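Residue numbers (the working numbering), protein chains in the order written: chain A, 1 to 338; chain B, 1001 to 1618. Built from N, CA and C at the ideal position, the CB exists for glycine as well. Just so you know, these numbers come straight off a predicted model, no measurement behind them. Here the structure comes first, spelled out in structure tokens, and everything after it is commentary.
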């Protein structure tokens, strides 16, 4: 068999001009996506990007794969129909904090709980960008925007808490400018069988610039971000001198070497835990009280929805005595008129 | 040896009649729908033509014995052709006072009332406002009242099987059924087989139902209550193998057939909603035909899943009722913009809003044709009878696949739950649906057009045909996002032209009767049976009236205007305030008379007949 030439990241670019604002965090995500596709050598015609509405949802136009730019919030539902009928395809949902958690909240929950083998990438910029700057379901309480001149009085959602609550089997977070980390997380999501939910902190430099400065900025991020690694204690700080400990009733920040604290006292991350409790706990760690975890929160195996559905159909086809139209029409009482 | 039973049977008279309309009525927990279904099966197996009308409350169990909780099932059966469930009832089986009170107005003068005297207790009578017992106070003297201790006889029939009183009492519907079987000389075997299958794991219940069924039958035979039973001879119907079919079954079978005829996998996504849920139930049990069903999280998701499945190459269908279509509207628009094949089944019910979930109406025609943002043309077809649901479903799929467009298929609650005999078609006689995925990579353009103005169906997985589609305006040919004013206008007109062009692909409207005359009765959807019967009656009286029935509501058949212009007057009966009439007037500047009924019930033949006479004589 002849080997096909290896596809480079740029081979996955479509012929369409990318139209995000200059400086948008989406460019970085697009670049890392193409890199991961190249790393995994995903066959272009076997991949489909599905999106809703919003800045992030323009993403499918820029990948030389199949794609549907759908309607607001409904990408997970479109992806469900596609994946159920075409389980062999690599299906990616690109959504945002408004698209995925506000108008499309219901579909997001159900795509996740069914464990469809799709990858849901939520670009969280904590603002409505395409409609020019209204607050979103992840905007911080009190945020002043065009639609909340006196400050919002909505409590924000934590996307990962939502995903874990909805029984997600793979949950991860990364940051647009942390390119190496982002590529690793996307690759792990692609490799995971079952639903993968990835939140990406994404900067909107026009309407919400610097929202993640604390996590993205090189001089601050050591203190404000903790990188999760399976089997490793939660440590952070420039020299990994700080850690997270379970004190019996809550998480707390401790300093290694102070008050007799050693690495052994720290919380050890287990992404394979069957219970979602610890992953949920990590999802509640928020700046500025805590450093915010990035990396893989949860990564467990469970049969996927489309696999279970197709198995039922296959079983019925194999064991059903007669699957002709004739037998269908004649099911039940029939009688003959001579 | 001759038994007493046989002796008494011998002396009873059998009266031959042409047709009968029977209604079974009781509490919603009394199993009246089941009795109706069983009586229907026996009747079609016997060889009569039939039409049925189930009528049940929206509440699963309204308070026992109340007027709101009455559930009824009506069947019209005949040795002649039947198109409707019948205007007036000949025999009413009333299992409690509420059932009597609700249904008495529909009983014909001199009709039979079979009542369970045991249920006419002081408490039950008071519940529905009877001051005295109508079975005893002579208020029913215009009717033949057969008052029998039905509950008690049922208890006696099932005695000794170890059933508790409540379970035993639940068998009484089969006593009534047995009695009805005797009264109309129906075969019991189909019901016996059904009971044996249904309760195979619960022998005591099986036994009880069979015993009380036979007890009811023998009671009719022996008791000196009925002076005669009735015989309705077999109808003269074309030879073939028949089965009973409801509208929802017809749609389910039509969809499975269409998928086979087009050689595409069938995907059915739906959110439970009355009166469409039975399509989902039926198809979810058809996995052995390769059918994949998806109970979505909501109506919107069901439509969106259809779009995803259609993009992936499936014959994708969603089923719902009016409120569900309202929710799906935006996604139907996406299917129009992306030009993907899909079928949206709307089993109409009374509206607006939640309206009358279990009652029928035809008020979603505007919604089907116009109910989306932007210039958003969607073909609309409507089924005329339960059996026609089968053919119309195939036709909806054909149009969707061959023109690459979503299609709305209108049914209604009356067709969905009503049933009639259906001659099972020869599989080879069904039209093949010729549709292929696009695989040729040379000069591939996602929005290029074939002779029907359909675009290529290039599905993911096909090498070198990667393309992106979506809800933003498309550039002609390339399908790229495009905001150019001239392109937008061009594309709006092109999409309109594509749907309009379906006219070239559908049969002309047929006229039942003369092509010209004083009056044309134009109908659509479930009004067919009543219109047909009324017009035939008027024509037998040599009146100058014809009828025509529209399956295609968007686009209309090419000859519609021509047909309309052949008549001095046009009557359009619809279960709405005149939606088809409105469209006909705006499209052709042709005026018509409306006959509009918005009561959650189908037309009676007489209502249409009287309107015909009125229009012809005034």
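Checklist entry - For residue 1474 of chain B, which residues in chain A fall below 8 Å Cβ to Cβ? => result For this step, residue 1474 of chain B is matched to residue 474 along the second chain. Ordered by position in chain A, no residue passes the 8 Å Cβ test against residue 1474 of chain B, which lies about 11 Å from the chain.
Next on the checklist: Tell me whether residue 1615 of chain B, by its Cβ, gets closer than 7 Å to a heavy atom of the ligand PLP.
Outcome noted: Annotation note on the ligand PLP: not contained in the displayed structure, which lists no ligands.
Checklist entry - Would you call residue 1246 of chain B buried or exposed, if buried means 16 or more other Cβ atoms sit within 10 Å of its Cβ? => result One-based indexing of the second chain puts residue 1246 of chain B at position 246. When all chains shown are included, residue 1246 of chain B counts as buried.
Next on the checklist: Below 8 Å on C-beta distance, what does residue 1244 of chain B contact in chain A?
Outcome noted: Taking the first residue of the second chain as position 1, residue 1244 of chain B is located at position 244. What residue 1244 of chain B touches in chain A: 332 and 333.
Next on the checklist: As an exercise, report each continuous beta strand (DSSP E) stretch of at least 3 residues that is fully enclosed by the stretch 160 to 211 of chain A, in chain order.
Outcome noted: Within the stretch 160 to 211 of chain A, the complete beta strand (DSSP E) segments at least 3 residues long are 170 to 175 and 196 to 201, listed from N- to C-terminus.
Item to check | Nearest-angstrom Cβ-Cβ length linking residue 1379 of chain B and residue 1407 of chain B, presumed shorter than 8 Å | outcome: Start at 1 with the first residue of the second chain, and residue 1379 of chain B comes out as number 379. Start at 1 with the first residue of the second chain, and residue 1407 of chain B comes out as number 407. 5 Å between Cβ atoms; contact.
Item to check | Inside the stretch 1418 to 1497 of chain B only - alpha helix (DSSP H) runs reaching at least 4 residues | outcome: With a minimum length of 4 residues, no continuous alpha helix (DSSP H) run stays inside the stretch 1418 to 1497 of chain B.
Checklist entry - Is it buried or exposed for residue 1225 of chain B, if we count other Cβ within 10 angstroms and need 16 for buried? => result For this step, residue 1225 of chain B is matched to residue 225 along the second chain. By the 10 Å Cβ count, residue 1225 of chain B comes out exposed.
Next on the checklist: Please list, in chain order, the chain B residues whose beta carbon lies closer than 8 Å to that of residue 60 of chain A.
Outcome noted: To locate residue 60 of chain A, count along the first chain from 1; it is residue 60. Neighbours of residue 60 of chain A on chain B, chain order: 1468 and 1470.
Next on the checklist: Just to confirm before moving on: does the CB-CB distance between residue 1320 of chain B and residue 1270 of chain B stay below 8 Å?
Outcome noted: Residue numbering aside, residue 1320 of chain B sits at position 320 when the second chain is read from its first letter. Residue numbering aside, residue 1270 of chain B sits at position 270 when the second chain is read from its first letter. The beta carbons of residue 1320 of chain B and residue 1270 of chain B sit closer together than 8 Å.
Checklist entry - How about residue 87 of chain A and residue 326 of chain A: are their beta carbons less than 8 Å apart? => result Here residue 87 of chain A corresponds to residue number 87 of the first chain, with the count starting at 1. Here residue 326 of chain A corresponds to residue number 326 of the first chain, with the count starting at 1. Going by C-beta atoms, residue 87 of chain A is not nearer than 8 Å to residue 326 of chain A.
Checklist entry - Based on the DSSP output, what are the partners of residue 134 of chain A in its beta bridges? => result Taking the first chain and counting its residues from 1, the one referred to as residue 134 of chain A is at position 134. Its beta-bridge partners are A/128.
Next on the checklist: For residue 1016 of chain B, list the residues DSSP reports as bridge partners.
Outcome noted: Residue numbering aside, residue 1016 of chain B sits at position 16 when the second chain is read from its first letter. Paired residue(s): B/1231.
Item to check | Span of the beta strand (DSSP E) around residue 1552 of chain B | outcome: The residue you call residue 1552 of chain B lines up with position 552 of the second chain. Residue 1552 of chain B -> beta strand (DSSP E) spans 1552 to 1554.
Item to check | Beta-carbon contacts of residue 1300 of chain B that lie in its chain and below 8 Å, excluding the five residues immediately before and after | outcome: On the second chain, position 300 is the one that residue 1300 of chain B refers to. For residue 1300 of chain B, the CB contacts under 8 Å within the same chain, skipping 5 residues up- and downstream, are 1327, 1328, 1330 and 1331 in chain order.
Item to check | Neighbour flag for residue 1253 of chain B against chain A, beta carbons, 8 Å | outcome: Taking the first residue of the second chain as 1, we reach residue 1253 of chain B at position 253. For residue 1253 of chain B, the answer is yes, since a Cβ of chain A falls inside 8 Å of its Cβ.
Item to check | Beta-carbon proximity list for residue 128 of chain A, same chain, < 6 Å, skipping 5 on both sides | outcome: By 1-based counting over the first chain, the position of residue 128 of chain A is 128. Cβ neighbours of residue 128 of chain A within its own chain (closer than 6 Å, five residues either side excluded): 98, 134 and 136.
Checklist entry - What is the DSSP secondary structure of residue 1054 of chain B, reduced to helix, strand or coil? => result Locating residue 1054 of chain B in the second chain gives position 54, where the first residue counts as 1. Reduced to three states, the DSSP call for residue 1054 of chain B is strand.
Next on the checklist: Can you pull the chain B neighbours of residue 74 of chain A, defined as C-beta to C-beta under 9 Å?
Outcome noted: Looking up residue 74 of chain A in the first chain gives position 74. Ordered by position in chain B, the residues that pass the 9 Å Cβ test against residue 74 of chain A are 1300, 1301, 1303, 1304, 1307, 1330, 1331 and 1334.
Item to check | Within chain A, the residues that residue 1279 of chain B reaches when beta carbons sit closer than 7 Å | outcome: Counted from its first residue, the second chain places residue 1279 of chain B at position 279. Near residue 1279 of chain B there are no residues of chain A at all, since even the closest Cβ is about 14 Å away, more than 7 Å.
Item to check | Local conformation of residue 69 of chain A per DSSP, three classes | outcome: Here the question's residue 69 of chain A lines up with position 69 in the first chain. Residue state, collapsed to three classes: strand.
Next on the checklist: Is there a Cβ of chain B sitting closer than 8 Å to that of residue 100 of chain A, yes or no?
Outcome noted: Counted from its first residue, the first chain places residue 100 of chain A at position 100. Judged by the 8 Å Cβ criterion, residue 100 of chain A is not in contact with chain B.
Item to check | Spatially closest choice to residue 970 of chain B from B/1552, B/1429 and B/1336, by CA coordinates | outcome: Outside the shown range of chain B, which is 1001 to 1618, sits residue 970 of chain B, and nothing can be said about it.
Next on the checklist: So that I know if they touch, is there some Cβ in chain A lying closer than 8 Å to that of residue 1289 of chain B?
Outcome noted: Indexing the second chain from 1 puts residue 1289 of chain B at position 289. True, the Cβ-Cβ gap to chain A drops below 8 Å.
Next on the checklist: Against chain B, which members of the stretch 8 to 37 of chain A pass a CB distance test of less than 8 Å?
Outcome noted: Listed in sequence order: 14 and 16.
Item to check | chain A contacts made by the stretch 1091 to 1104 of chain B, where a contact means CB separation under 9 Å | outcome: Taking 9 Å as the Cβ-Cβ cut-off, the stretch 1091 to 1104 of chain B has no residue approaching chain A.
Checklist entry - Mind listing which residues of the stretch 1446 to 1468 of chain B have their C-beta closer than 9 Å to chain A's C-betas, in chain order? => result Taking 9 Å as the cut-off between beta carbons, the residues of the stretch 1446 to 1468 of chain B near chain A are 1458, 1459, 1460, 1461, 1462, 1463, 1464, 1465, 1466, 1467 and 1468, in sequence order.
Checklist entry - Nearest CA to the CA of residue 1314 of chain B: which residue from B/1341, B/1322 and B/1295? => result Numbered from its first residue, the second chain carries residue 1314 of chain B at position 314. Comparing Cα positions, the closest option is B/1341.
Checklist entry - Expressed to the nearest angstrom, what Euclidean distance is found between the alpha-carbon atoms of residue 1449 of chain B and residue 1403 of chain B? => result Within the second chain, numbered from 1, the residue matching residue 1449 of chain B stands at position 449. Within the second chain, numbered from 1, the residue matching residue 1403 of chain B stands at position 403. Spanning the two alpha carbons is a distance of roughly 10 Å.
Checklist entry - Where residue 1381 of chain B and residue 1411 of chain B are concerned, what is the direct C-alpha to C-alpha distance, given to the nearest angstrom? => result For the purposes of this step, residue 1381 of chain B is taken as the residue at position 381 of the second chain. For the purposes of this step, residue 1411 of chain B is taken as the residue at position 411 of the second chain. For residue 1381 of chain B and residue 1411 of chain B, the distance between alpha carbons rounds to 9 Å.
Checklist entry - If we count the other Cβ atoms within 10 Å of its Cβ and call it buried at 16 or more, is residue 947 of chain B buried or exposed? => result No statement about residue 947 of chain B is possible, as the shown extent of chain B runs from 1001 to 1618 and does not include it.
Next on the checklist: Using a 10 Å radius around the Cβ and a threshold of 16 neighbouring Cβ atoms, would you call residue 1562 of chain B buried or exposed?
Outcome noted: Within the second chain, the letter at position 562 stands for residue 1562 of chain B. Under this definition residue 1562 of chain B is an exposed residue.
Next on the checklist: Please report the straight-line C-alpha distance between residue 17 of chain A and residue 92 of chain A, rounded to a whole angstrom.
Outcome noted: Here residue 17 of chain A refers to the residue found at position 17 when the first chain is read from its first residue. Here residue 92 of chain A refers to the residue found at position 92 when the first chain is read from its first residue. The alpha-carbon atoms of residue 17 of chain A and residue 92 of chain A are separated by roughly 21 Å.
Item to check | Neighbouring residues, chain A, relative to residue 1311 of chain B (Cβ below 7 Å) | outcome: For this step, residue 1311 of chain B is matched to residue 311 along the second chain. Simply 68 and 82.
Item to check | residue 20 of chain A in three-state terms, based on DSSP | outcome: In the first chain, the residue the question calls residue 20 of chain A occupies position 20. DSSP, read as helix, strand or coil, puts residue 20 of chain A in coil.
Checklist entry - Using a Cβ-Cβ cut-off of 7 Å (strictly less than) and excluding sequence neighbours within five positions of residue 1415 of chain B, which residues of its own chain qualify? => result What you label residue 1415 of chain B is simply residue 415 of the second chain in a count that begins at 1. Here the set comprises 1247, 1383, 1385, 1386, 1389 and 1526.
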